[in-house]
Amino acid sequence: MFTLLKKEISSFLNSWIGYLTILVFLLAVGLFMWVLPMDSNVLESGFSSLDALFIVAPWVFLFLIPAITMRSFADERKGRTIELLLTQPLSDLQIILAKYAAGLFLVVFSLLPTLIYYYSVSRLGNPPRNIDTGGMWGSYIGLLFLGAAFVAIGIFASSVTENQVIAFILAVLLCLFFYYGFEFISTAHIFGKVDNFILALGINAHYASMSRGVIDTRDVLYYLSLIGIFILLTKTVLESRKW
Amino acid sequence: MTQKRGNKKRDIIWLVLSIAIVVLCNFIGSFVFHRFDLTSEKRYTLSDDTKKMMESVNDIVYVKVYLDGDFPSGFKRLKSETKEMLDEFRAYSHGNVQYEFINPSANPDTKVRDAFYRQLYNQGLTPTNLQVKDDNGGSSEQVIFPWAVISYKGQSAPVQLLQNDPGVPPDEALNNSVQKLEYDFASAMRILKNPVRREVGFLYGHGELDSLRVADITNTLNDFYVTKRVKIEGRLKSLQDIGLLIIANPDTIINEKDKFIIDQFVMHGGKILWLVNSVYTNMDSLHHSGITMGLPRELNLNDMLFNYGARINTDIVQDMQCSMIPINKAFRGSPPDWQLVPWVYTPLVGNNPQNIITKNLDLIEFNFASSLDTIGSEGIKKTFLLRTSKYSRLAETPTRVSLGIVEYPLAMQQFDKPFQPLAVLLEGKFKSLYTNRDIPKIVNDKEIDYKYQSPETKMIVIADGNVIKNEVQQSTGRALPLGYDFYTNRTYGNKNFILNCINYLTGDESLIPLRGREIKLRLLDKKKIANERLQWQIINTVLPSLLIIIYGMIQFFVRKRKYSL
Chain A
4 MFTLLKKEIS SFLNSWIGYL TILVFLLAVG LFMWVLPMDS NVLESGFSSL DALFIVAPWV
64 FLFLIPAITM RSFADERKGR TIELLLTQPL SDLQIILAKY AAGLFLVVFS LLPTLIYYYS
124 VSRLGNPPRN IDTGGMWGSY IGLLFLGAAF VAIGIFASSV TENQVIAFIL AVLLCLFFYY
184 GFEFISTAHI FGKVDNFILA LGINAHYASM SRGVIDTRDV LYYLSLIGIF ILLTKTVLES
244 RKW
Chain B
4 MTQKRGNKKR DIIWLVLSIA IVVLCNFIGS FVFHRFDLTS EKRYTLSDDT KKMMESVNDI
64 VYVKVYLDGD FPSGFKRLKS ETKEMLDEFR AYSHGNVQYE FINPSANPDT KVRDAFYRQL
124 YNQGLTPTNL QVKDDNGGSS EQVIFPWAVI SYKGQSAPVQ LLQNDPGVPP DEALNNSVQK
184 LEYDFASAMR ILKNPVRREV GFLYGHGELD SLRVADITNT LNDFYVTKRV KIEGRLKSLQ
244 DIGLLIIANP DTIINEKDKF IIDQFVMHGG KILWLVNSVY TNMDSLHHSG ITMGLPRELN
304 LNDMLFNYGA RINTDIVQDM QCSMIPINKA FRGSPPDWQL VPWVYTPLVG NNPQNIITKN
364 LDLIEFNFAS SLDTIGSEGI KKTFLLRTSK YSRLAETPTR VSLGIVEYPL AMQQFDKPFQ
424 PLAVLLEGKF KSLYTNRDIP KIVNDKEIDY KYQSPETKMI VIADGNVIKN EVQQSTGRAL
484 PLGYDFYTNR TYGNKNFILN CINYLTGDES LIPLRGREIK LRLLDKKKIA NERLQWQIIN
544 TVLPSLLIII YGMIQFFVRK RKYSL
């Protein structure tokens, strides 16, 4: 299983596409946070915090993560290597988990350079180092959980088709729906009392709480459930070849 | 074929079952949960009292927040912190808290907009004018309503989100506002949940501070209590409806009959906040001639306070830790040159972190205070709330008070009476002052309902009547916030201290810890940003990408090496 994980990671990092995806992510976040004269601009807000990163990053993740995961199963299907993979002495679940872990690793990998922002903000603080470090780590944990959920969705989307482009689009739509769709529905106030429940089905309600540095066991449970369900769905899709 | 169909059935059952288990887990988890607040000030951790209060909410709490729209980043922060605080309230209320952000300026039609403004204004929501800089370097004015309205079970209460104290820079004012959010919402919720309000009476008729001089504290108290001014004038029933009596700086003798009624008020469980000056100083004389005398003031209260367990000495406290007054330092004949100098008669008293009333308070400004002692009254628990600094001294009356002290300040060694108590809390069962002077007629009088001893009750004695007094703006005649000192342009902790005392005496202690909450203001160095803007922009946009590219190249060469053999 670890060999597979290693292979997945290196195949991504050895391709130009992989680096390009991460570069796009870093450039987009960097521009939104430091250059473009928008609300998310740290220098213009004047506050010593990385809040902007945790507002901008989910939107960029929305495209970045499907790009990372689109290949995972779709590509194997197209190249017929999936048959090969499935006959390995590995259970379906292990294969999925290996691909999932590889995707997660890449998310962490692309987030690592953003620690430079932390350095910058803490240097620019008045007085220097005037930043809520504990809260920031909490926010990073929140962002990682969000990324983890997107990866699970992306892997699932990739498992239902053999076309990478379709996998990408499907993943973006599903992520968007889970991230913001439920919230959007609940603000329409058409379901009355169930509004709050619908809101809680979406990722944003849980992410908002975590991204300010509060780790609630209910939010963690939500993320784990969401990830679990999508991995299960992926497994069911793979199993369906035997149907 | 049947084998295949069997697989399908098995897989789908498996899937449905798993999802059901996951849903069940989440359902259980929504009752058994824990929150870890990683922020350094635990700023999203509600106090236990607030959590309990929100858990006991059994109907929808609807919050309308009028702070929405396009405004400067500081206000956006206030908006998002408000939202987060409401989310926090919701987390404990079993989903009963619902909120909505409304932009009062959303309507492009000025007529409709103005009508909406007026409607809000009539609800008591006063707008704030903002100067907004636009892109062209000019500035325009924007009206915002930093208010929320909470509705619960058909009642509603306004919550002011912006703490607007004069002399506080905008950044700090916004941060103060963020700090107070929980307190603001929690206290409003408390009023809605428990609409029975108790009465707080300000005594008058003995030269006490007039209503303008206690206007700021009265306004604040009106949110929680019904305040009124009461005059005894020998009427037995005059204090009947009041739970807490505030005696703020009387300056004439309180006659025996009024004293008897106050005594019986305590014997029936009434609480008193005493703010009493035992020394008389003529401030006008000090202003005009630079000199005055501190003389003992006769209020006829000594035996009464003594009987309850406290004595206010007839001395004046001087403290090196003090606020400032302006003094004209110019030579005679030349234009005035006002300079702020330390004035030892206005001690700034630090807090006692051991006590709930004074914990987390800012410095409190006194003005011509006297020292306090406690007397061994049996069964009364005495707690000193405030003490002067290590560098204080006492001047026995009669004493000369002169502005000249500024020219020739006393040496530090002369401040040899450290830690003089200035406020004391007395708790227990008090004995009537009239116990040993009973007149049979009074004791047996049904209408008087005479009592020798009080139930468990409490009082606070502060040896300075000015602690509760707000300044009044000369030009407009309006009351300034309590604790605001216009010479130093600072707001001291007097208001919170008095509110804490009152909350403690009335048993609303749960509000006290919320008031003392502090959130650090974290700002960026504006000068540094202006100077080094480009440098940091480059570092943060180029460096991360560069790191990745370098990593990729290393990876590439390692691979090339590995496979080229």
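Residue numbers (the working numbering), protein chains in the order written: chain A, 4 to 246; chain B, 4 to 568.
Every residue, glycine too, gets a C-beta built ideally from N, C-alpha and C.
These numbers come from a predicted model, not from an experiment.
Q: Take L7 of chain A as the anchor and find which of A:L46, A:Y122, A:I85 and A:M41 has the nearest alpha-carbon.
A: Closest option to L7 of chain A, judged by alpha-carbon separation, among A:L46, A:Y122, A:I85 and A:M41: A:I85.
(Q) Checking the sheet assignment: what are the DSSP bridge partners for I330 of chain B? (A) In the DSSP output, where bridge partners are listed per residue, I330 of chain B has B:Q342.
Q: Tell me where the alpha helix (DSSP H) around T237 of chain A begins and ends.
A: Where T237 of chain A is concerned, the enclosing alpha helix (DSSP H) starts and stops at T220 to E242.
Q: Would you list the residues sitting across from F39 of chain B in a DSSP beta bridge?
A: Paired residues: A:I218.
Q. Given I105 of chain B, which residues of its chain have a CB within under 8 Å of its CB, disregarding the five upstream and five downstream residues?
A. Around I105 of chain B: K67, V68, Y69 and D71.
Q: Give the DSSP-derived three-state secondary structure of V427 of chain B in the structure shown.
A: Here V427 of chain B sits in strand by DSSP.
**Q.** Within chain B, partners of L147 of chain A - CB distance below 8 Å
**A.** Residues of chain B passing the Cβ test: none, with the nearest at roughly 14 Å.
Q: Can you give me the Cβ contacts of N285 of chain B inside the same chain, cut-off strictly under 8 Å, excluding the 5 residues immediately before and after it?
A: So the qualifying residues of the chain are T295 and M296.
Q | 4 or more residues per run - each alpha helix (DSSP H) lying fully within the stretch 67 to 150 of chain A | A | Within the stretch 67 to 150 of chain A, the complete alpha helix (DSSP H) runs of at least 4 residues are 74 to 81, 84 to 89, 95 to 114 and 118 to 127.
(Q) Taking the alpha-carbon of S292 of chain B as reference, which of B:S405, B:D376 and B:I275 has the nearest alpha-carbon? (A) The shortest Cα separation from S292 of chain B among B:S405, B:D376 and B:I275 belongs to B:S405.
Q | Within 7 Å of chain B by C-beta, residues of the stretch 49 to 62 of chain A in sequence order | A | Taking 7 Å as the Cβ-Cβ cut-off, the stretch 49 to 62 of chain A approaches chain B at G49, F50, S51 and S52, given in chain order.
**Q.** Within the stretch 70 to 142 of chain B, ranges of the beta strand (DSSP E) (whole runs, at least 3 residues)
**A.** Runs found: 100 to 104 and 131 to 136.
Q. Hey, how far is the Cα of K54 of chain B from the Cα of L53 of chain A?
A. Rounded to the nearest angstrom, the two C-alpha atoms are 29 Å apart.
Q | Three-state class that DSSP yields for A414 of chain B in the structure shown | A | Residue state, collapsed to three classes: coil.
Q.
Give me the chain B residues within the contact set of D135 of chain A, using Cβ-Cβ distance strictly less than 7 Å, ordered along the chain.
A. T42, S43 and R525, listed in chain order.
(Q) To the nearest angstrom, how far is the alpha carbon of A211 of chain A from that of V111 of chain A? (A) Each residue's alpha carbon lies about 20 Å from the other.
Q: For T239 of chain A, go through chain B and note every residue whose CB falls closer than 7 Å to its CB, in chain order.
A: Within chain B, the residues near T239 of chain A are D14 and L18.
Q: Using a Cβ cut-off of 9 Å (strictly closer), state whether P116 of chain A contacts chain B.
A: So, interface residue.
Q: Would you verify that the beta carbon of D78 of chain A is, or is not, closer than 9 Å to some beta carbon of chain B?
A: No, D78 of chain A lies away from the interface with chain B (no Cβ there is under 9 Å from its Cβ).
Q) With respect to the beta strand (DSSP E) encompassing T230 of chain B, which residues constitute its N-terminal and C-terminal limits? A) Element bounds for T230 of chain B: V229 to K234.
Q.
Which residues of the stretch 28 to 44 of chain A have a Cβ closer than 8 Å to any Cβ of chain B? Give them in chain order.
A. Listed by position along the chain: L29, L30, G33, L34, M36, W37, V38 and D42.
Q) Would you call I378 of chain B buried or exposed, if buried means 16 or more other Cβ atoms sit within 10 Å of its Cβ? A) Flag for I378 of chain B reads exposed.
Q: Return the chain-ordered list of same chain residues with a C-beta closer than 7 Å to the C-beta of G184 of chain A, the five sequence neighbours on each side being excluded.
A: Correct list, in chain order: G205.
Q. With burial defined as no fewer than 16 other Cβ atoms inside 10 Å of the residue's Cβ, what is the status of L27 of chain B: buried or exposed?
A. Around the CB of L27 of chain B, fewer than 16 other CB atoms lie within 10 Å, so the residue is classed as exposed.
Q) If we call anything under 9 Å between Cβ atoms a contact, is P339 of chain B one with M323 of chain B? A) In this structure, P339 of chain B sits away from M323 of chain B, with a CB-CB distance that is not shorter than 9 Å.
Q: Could you name the residues of chain A that R536 of chain B contacts, counting a contact when the two beta carbons are closer than 8 Å?
A: Result: L46.
Q. Looking at Y102 of chain B and L89 of chain B, is the spacing between their C-beta atoms short of 9 Å?
A. At the C-beta level, L89 of chain B and Y102 of chain B come within 9 Å of one another.
Q: Could you check the C-alpha separation between R1 of chain B and L224 of chain B for me, to the nearest Å?
A: Residue 1 of chain B lies beyond the residue range present for chain B, which begins at 4 and ends at 568; the question has no answer from this structure.
Q) With 9 Å set as the bound, which would you pick, yes or no: does the beta-carbon of A160 of chain A sit closer than that to a beta-carbon of chain B? A) No, its Cβ sits nowhere closer than 9 Å to a Cβ of chain B.
Q.
Whole angstroms are fine: how far does the CA of Q476 of chain B sit from the CA of A208 of chain A?
A. Cα-Cα distance, rounded: 47 Å.
**Q.** Residue interval of the alpha helix (DSSP H) (run including T48 of chain B)
**A.** Element bounds for T48 of chain B: n/a, residue is neither H nor E.
**Q.** Contacting residues, own chain, Cβ-Cβ under 8 Å from W140 of chain A (five flanking each side not counted)
**A.** Taken in chain order, the residues that qualify are G216.
Q: May I ask you to report which of helix, strand or coil DSSP gives L483 of chain B?
A: Looking at L483 of chain B - three-state DSSP - the assignment turns out to be coil, as it is neither helix nor strand.
Q: Would you list, in chain order, the members of the stretch 95 to 129 of chain A that have their beta-carbon closer than 7 Å to a beta-carbon of chain B?
A: The residues in question are P116, T117, I119, Y120, S123, L127, G128 and N129.
Q. When you compare each of A:V32, A:W37, A:T72 and A:V38 to G21 of chain A by their alpha carbons, which one comes out closest?
A. Considering only A:V32, A:W37, A:T72 and A:V38, the residue with the shortest C-alpha distance to G21 of chain A is A:T72.
Q.
For a cutoff of 9 Å on Cβ pairs, would you count I62 of chain B as touching chain A?
A. Ile is not the amino acid found at residue 62 of chain B; the sequence shown has Asp there. No, D62 of chain B lies away from the interface with chain A (no Cβ there is under 9 Å from its Cβ).
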